[in-house]
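Notes follow the structure.
In our numbering, the protein residues as written are -17 to 810.
Right, dumping it as structure tokens:
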């Protein structure tokens, strides 16, 4: 039997993903390339300055961003804490979305950490003697991922349940995966530090404070590439502490997530002296991440959960004599060959034989680790994969909270069944998109939560439409039956029924091409049946992605990687579709002015950086903009560039932007020079082609803004954030100056939105309106007629619209030989 090409390619892609697909370092590579590390000081200083800018009384009163959802999908949780004293109190830490608090056991949530400059969270700790005191360690310690969105800036403390926060320092710890408070002396606090995820540094190991975090002493240090990933404290003898070390380095060239520096250390004197425990434990250089936990009911028993350097399961080990001797248990925990992404072990507070393995899925043992049985699969509600946090209520161990890449879950029977607490706004979006003809419909691709959409702009009414990690989402602006999306590394699909079903749309794409984690695909602006897709070369389809053909040679050099040396951005001129630009992850920028027959490198004078976005100007076919993410070492600069000669020369227009990575640029097609840029710290706007910049809007937390999409008819701006879902902003027009001419006619249409008919009216002075036209978004005339003046200069005219489909339309009135006035119309 001969299988069609697209089917063979689809299964090849799935096999590749199954083998190679692990949490991506895409964010980090964007920001660091071509260097191995990022100057963190610049980033922290910049964020602090932006916090002050947001709070400045000198700012005009900007309108607020509006949260668009989702609340019913979830996102990655790194820690969850309950309170034995108050079972209704829950704290949740999002990987890159801050800290949320619930006083009603998850019915409602309040973000309590948004006033701080970094919202990437590693761990939280509640004071066992006063649950109004909470410590938060910033920076996500899980391997992989690795953007600036994950890195932290130390530890914060609140003494009033999260209403206010005090910064406690340790700013160079990179990530804080564990905080422990002495069970009897609350002023004694221990903090584990992994150090910089993408570089070597000395601020890692274990830090101790004896005055509630006011000062810290580094009481354990192994080396500049070994951090502490987990700790556990003996509740009966709190001077006994166990620390699990992890040797881990990461560069743009690859992962080294293990080594002989990984192991377990114990101190019995409050951290003064540490001894490595090795009798019965694995040794050598093939050691990776380790999770460790004391059995609270029998503190002489300790469990350890090991993976090897590559992330495969090594074993669960147990000691029954305070770490002197260890025994490998027979039970296995599923880590799906990337165990560096999770890896905790949690013991039931009342039963030392009941232990949970928190890995790819949740496994439970009731016999002390001899056998583990999956408890997060094949239950009444399947639990999302990639587990990161668990809290067992000490007074009722049947009640368990679980945090993973999909959000928060709750069990009332010790993990036999789970229910999702489905109302946390913590989804990590890579992309966003507005359906042009139905602007209430919003789309986006997300980290580990697929491609999704809402058909109603209701925050809790989002649905997943395609699996995997979601990326590009596109809806044909002239025919919304055609919907496109993709999963990681360019698995591109299309729907011809409005997004209900999808089929692979890769025929003609060479399966040996290099494809980015986030493979770019764009419409030709004035002909959406033509699409462009970038691998290491540019492809074009003229039949809505049925068949693709290459229109460029390879635009990046071969480097031995399947996912690096790729096109990262594509833009086609709205004025001349033969003019096409491509940016790449190796800093090369290319242009063609003849539809792909000839290509020219146009990156002279640009820093050799990852090109995050390009935008051809809608007013001048010689103008093009681009953004670049990353820093020159010790040079704190953002990167936004403009060319007015098709890339022959470039001008830096970043003046006024903070030194923050820039991820996407949008050019307002109604106002020349009006630019909007998404950065790692919100959204910025310029009215004058980048000569000046201002922070756009209010009420948007300090989040990485990964993508923007603008809907000109409604002037709705949509932003994708990496950690708190999507937000919209009603983009105002520039304030008119004295010399601007008042429109000759001001139209009034009501009702708007409408159902069956509209009434067009206004008072007409010094002009003679003659014709009206009702057009769709693409400009196609659906209805037209002569303007009728009811009496004198009064225009009052009914227009019936019951025979047109719901959507956004434009009503135009001709008032002179060459002048039309327009107004937007929403038909429901």
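Ideal placement from N, C-alpha and C gives every residue a C-beta, glycine not left out.
Judged by beta-carbon spacing, residue 309 lies within the 7 Å limit of residue 262, meaning their Cβ atoms are closer than that value. In the three-state reduction of the DSSP assignment, residue 28 falls in the helix class, which pools H, G and I. Shown here for residue 47: same chain residues with a beta carbon closer than 6 Å to its own, the five before and five after excluded, namely 679, 681, 682, 709, 711 in chain order.
Across the set 303, 550, 479, the C-alpha of 550 shows the shortest separation from the C-alpha of residue 520.
Excluding its 5 nearest sequence neighbours in each direction, residue 242 has C-beta neighbours in its own chain below 8 Å: 229, 265, 266, 267, 269, listed in chain order. When the five nearest sequence neighbours on each side are left out, the beta carbons in the same chain lying within less than 6 Å of the beta carbon of residue 143 are those of 114, in order along the chain.
DSSP places residue 565 in the uninterrupted beta strand (DSSP E) bounded by 562 to 566. With a contact defined as Cβ atoms closer than 8 Å, residue 204 and residue 181 miss out at about 16 Å. Cα atoms of residue 68 and residue 373: separation of roughly 14 Å, rounded to the nearest angstrom.
Boundaries of the beta strand (DSSP E) harbouring residue 50: 48 to 51, taken from the DSSP string. Secondary structure at residue 411: strand, using DSSP grouped into helix, strand and coil. Residue 473 is bridged by DSSP to 469. Excluding sequence positions up to five before and after residue 251, its CB lies within less than 8 Å of the CB of 221, all in the same chain and listed in chain order. For residue 572, the enclosing beta strand (DSSP E) covers residues 571 to 574. Closest by C-alpha distance to residue 435, out of 446, 428, 429, is 446. Between residue 608 and residue 623, the C-beta spacing is below 7 Å. For residue 323, no beta strand (DSSP E) run applies, since DSSP gives it neither H nor E. About 6 Å separates the beta carbon of residue 389 from that of residue 402, a gap short enough to meet the 8 Å contact definition. For residue 227, the uninterrupted beta strand (DSSP E) segment begins and ends at 223 to 229. Put simply, the stretch 584 to 592 does not touch the stretch 537 to 548. Fewer than three CB pairs are less than 8 Å apart. Under the three-state reduction of DSSP, residue 8 is assigned to helix. Residue nearest to residue 194 within the set 695, 111, 552 is 111 (criterion: CA-CA distance). Scanning 765, 676, 807, 160 for the CA closest to the CA of residue 735 turns up 807. As a beta-bridge residue in DSSP terms, residue 756 pairs with 765, 793. With distances taken between CA atoms, residue 284 lies nearest to 248 out of 177, 314, 248. Contact annotation, residue 559 with residue 506: C-beta distance approximately 5 Å; criterion of less than 8 Å satisfied.
In the DSSP secondary-structure assignment, residue 101 is not bridged to any residue. Restricting attention to beta strand (DSSP E) runs no shorter than 3 residues, the stretch 68 to 93 encloses them at 72 to 76, 80 to 84, ordered along the chain.
The beta-bridge partner set that DSSP reports for residue 807 consists of 791. The C-beta of residue 583 has fewer than 16 other C-beta atoms within 10 Å across all chains shown, which makes the residue exposed. Bounds of the beta strand (DSSP E) holding residue 113 are 112 to 120. Non-local beta-carbon contacts of residue 163 in its own chain, meaning distances under 6 Å to residues more than five positions away in sequence, involve 107, 109, 171 in chain order.
Taking 8 Å as the upper bound for CB-CB distance, residue 502 and residue 454 are in contact here, some 7 Å apart.
One Cα belongs to residue 244, the other to residue 226, and the distance between them is close to 7 Å.
Counting along the chain, residue 478 sits inside no beta strand (DSSP E), nor does DSSP assign it H or E at all.
In the DSSP assignment, residue 610 falls within the beta strand (DSSP E) that extends over 606 to 611.
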